[in-house]
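K.L.:
Handing you this structure, nothing more for now.
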């Protein structure tokens with residue numbers, strides 16, 4: 057067990073390439089999760105019982121099963137019915153869908169926290185359903201839930217190494233391929249851990265700031 | 004059709020490995036959670052520092068990285084682990100770090116007057132913890148522990164990547180042997196979901212049973 061700094065500098069550019077893909081996947085996945093979550097939360101409040109129930113069950117199912125298997129499902133099963141996705145796209149869809157079911161709960165809590173009076177006032181002002189949502193409910197519901205959403209996006213960031221299992225060349229996969237080429241595992245694996253630790257610690261600082269900025273609910 | 008039963012047997016074998024991992028990982032996670040969670044509310048700075056470092060480290064890096072580190076890097080330090088040992092170690096330590104925060108939160112959620120009552124009855128710190136605080140805190144922890152156990156169950160799928168023959172691994176084996184994709188992945192998803200349902204049902208039952216004796220105590 058000896059640490060070789062020369063080797064570290066040699067593999068650094070490759071790992072940085074991986075970090076870029078990891079961050080790209082996280083950002084795209086977060087955007088998708090934010091949209092999917094809102095969709096699920098709205099569908100579960102739908103007047104139509106069948107829609108609300110089936111979306112609820114679907115979300116529950118996704119939340120109860122591992123992301124890795126879902127990624128395999130998207131990557132291996134969909135091509136059989138003619139949908140061929142590049143690995144990164146499959147990965148982003150998997151991440152977005154999985155975390156969308158989590159963010160849906162955040163949206164639900166946020167929407168439930170908007171006082172009843174706001175709904176009634178919207179009705180009194182003769183706003184229709186869409187205007188009530190876009191102008192009254194969501195602008196009040198979303199800022200307090202930003203810290204909770206960010207929390208899930210950080211969690212998603214930590215799950216991106218799973219994308220290496222469906223051949224996305226992100227940080228973990230790059231590290232594995234360098235490790236297998238040179239048969240040195242200590243440096244690449246430790247560096248991956250260090251990258252994750254540094255980025256997570258930075259994002260904790262960001263989260264604290266978000267909580268400070270948006271977390272307080274003013275009534 | 005006859006060969007499906009053979010493949011199904013393979014998948015069920017994988018389910019056994021997954022269950023085994025979940026159980027052993029949960030036991031380790033529970034031990035770590037109490038050690039680190041009580042460490043964080045300790046009087047001694049050094050214990051608090053150790054517990055905080057452990058928690059931040061294992062929450063900040065991804066489970067995937069920890070598993071690979073345990074499996075590929077520790078052998079270079081002279082500590083060779085079998086895939087099962089590495090899996091249990093990584094899962095237990097990772098989920099233990101999350102659960103430690105639950106333990107800390109639950110201990111802090113017990114009202115001040117309970118602590119004062121302990122002092123009034125001349126109970127020592129440990130006695131008070133053991134007989135007054137923990138029995139109440141345990142009930143607060145239980146639902147979140149259930150969620151943590153489900154997270155652990157889902158995280159076990161990652162060990163398939165270090166060649167441990169769990170559910171996900173067997174699904175891949177069936178896929179590569181039969182070329183069929185829908186059957187293995189769908190059945191594995193359903194088994195995972197069923198296991199998750201069993202965990203949440205078990206925790207709810209346990210919660211009801213434990214709440215029984217505490218009716219008069221809780222406000």
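Residue numbers (the numbering used here), protein chains in the order written: chain V, 57 to 275; chain A, 4 to 222.
Where a beta carbon is used, it is the ideal one built from N, C-alpha and C, also for glycine.
1) Which residues in chain V have a C-beta closer than 8 angstroms to the C-beta of residue 171 of chain A? List them in chain order.
2) Residues of chain V with CB under 8 angstroms from residue 199 of chain A, in chain order?
3) Determine the closest residue to residue 136 of chain V out of A/203, A/178, A/16, A/196, with distance taken between C-alpha atoms.
4) Between residue 1 of chain A and the rest of its own chain, which residues show a CB-CB distance below 8 angstroms, the 5 nearest in sequence each way excluded?
5) Restricting to Cα atoms, I'd like to know which of V/205, V/232, V/231, V/106 is closest to residue 165 of chain V.
6) By the 10 Å Cβ neighbour count, where 16 or more other Cβ atoms means buried, how is residue 19 of chain A classified, buried or exposed?
7) Does DSSP put residue 111 of chain A in a helix, a strand or coil?
8) So, at 6 angstroms on beta carbons, what are the nonlocal neighbours of residue 146 of chain A in its own chain, with the 5 sequence-adjacent residues on each side left out?
9) What are the boundary residues of the alpha helix (DSSP H) that includes residue 154 of chain V?
10) Quick check on residue 274 of chain V - is its C-beta less than 7 angstroms from some C-beta in chain A?
11) Would you call residue 83 of chain A buried or exposed, if buried means 16 or more other Cβ atoms sit within 10 Å of its Cβ?
12) Taking 7 angstroms as the threshold (beta carbon to beta carbon), is residue 68 of chain A in contact with chain V?
13) If you reduce the DSSP assignment to three classes, tell me which class residue 256 of chain V lands in.
14) Grouping DSSP H, G and I as helix and E and B as strand, with all else coil, what is residue 56 of chain A?
15) Scan the segment 238-257 of chain V for residues whose Cβ lies nearer than 8 angstroms to a Cβ of chain A and list them as they occur along the chain.
16) Answer with buried or exposed for residue 162 of chain A, where buried requires no fewer than 16 other C-beta atoms within 10 angstroms of its C-beta.
17) Take every Cβ of the segment 26-33 of chain A, pair it with every Cβ of the segment 225-234 of chain V, and state whether three or more of those distances are shorter than 8 angstroms.
18) Can you find the residues in the same chain that come closer than 7 angstroms, C-beta to C-beta, to residue 222 of chain A, ignoring five residues on each side of it along the sequence?
19) Is there a Cβ of chain D sitting closer than 7 angstroms to that of residue 133 of chain V, yes or no?
20) Which residues bound the alpha helix (DSSP H) around residue 195 of chain A?
21) Does any C-beta atom of chain V lie closer than 7 angstroms to the C-beta of residue 191 of chain A?
22) Can a CB atom of chain A be found closer than 7 angstroms to the CB of residue 209 of chain V?
23) For residue 62 of chain A, count neighbouring C-beta atoms within 10 Å of its own C-beta (all shown protein chains included) and say buried if the count is 16 or more, exposed if not.
24) Just to confirm, is the Cβ distance from residue 65 of chain A to residue 252 of chain V under 7 angstroms?
25) Anyone know if the C-beta pair for residue 160 of chain V and residue 90 of chain V falls short of 7 angstroms?
26) Whole angstroms are fine: how far does the CA of residue 243 of chain V sit from the CA of residue 63 of chain V?
27) My guess is that residue 143 of chain A and residue 170 of chain A are in contact by the Cβ rule of under 8 angstroms, so how many angstroms apart are they, rounded?
28) Excluding the five sequence neighbours on either side, which residues of its own chain have a C-beta within less than 6 angstroms of the C-beta of residue 152 of chain A, listed in chain order?
29) Could you check which residue in V/109, V/130, V/195, V/189 has the C-alpha nearest to that of residue 151 of chain V?
30) CB residue 185 of chain A to CB residue 133 of chain V, shorter than 7 angstroms?
31) So that I know if they touch, is there some Cβ in chain V lying closer than 7 angstroms to that of residue 204 of chain A?
32) On the criterion of 16 or more Cβ atoms from any shown chain inside 10 Å, does residue 21 of chain A qualify as buried, or is it exposed?
33) Go ahead and label residue 66 of chain V buried or exposed: buried means 16 or more other beta carbons lie within 10 angstroms of its beta carbon, across all protein chains shown.
34) When you compare the CB positions of residue 218 of chain V and residue 123 of chain V, do they come within less than 7 angstroms of one another, or not?
35) If we count the other Cβ atoms within 10 Å of its Cβ and call it buried at 16 or more, is residue 225 of chain A buried or exposed?
P.N.:
So, from the data block:
1) 122, 124, 125, 128
2) 120, 121
3) A/178
4) One cannot answer for residue 1 of chain A here, as it falls past the ends of chain A, which runs 4 to 222.
5) V/205
6) exposed
7) helix
8) none
9) 143-168
10) In this predicted model, residue 274 of chain V has a pLDDT of only 49, less than 50, meaning its place in the structure is not dependable; the value taken from the coordinates is given anyway. Residue 274 of chain V does not count as touching chain A.
11) exposed
12) yes
13) helix
14) helix
15) 241, 242, 245, 246, 248, 249, 252, 253, 256, 257
16) buried
17) no
18) Confidence at residue 222 of chain A is low in this model, with a pLDDT of 44, below 50, so its placement is unreliable and the value that follows should be read with caution. Around residue 222 of chain A: no qualifying Cβ.
19) In the displayed structure, chain D is absent; the protein chains listed are V and A.
20) 185-215
21) yes
22) no
23) buried
24) yes
25) no
26) 8 angstroms
27) So it is not a contact: roughly 32 angstroms between Cβ atoms.
28) 29, 202
29) V/130
30) yes
31) no
32) buried
33) exposed
34) yes
35) Residue 225 of chain A falls outside the range modelled here, since chain A spans only 4 to 222, and no answer is possible.
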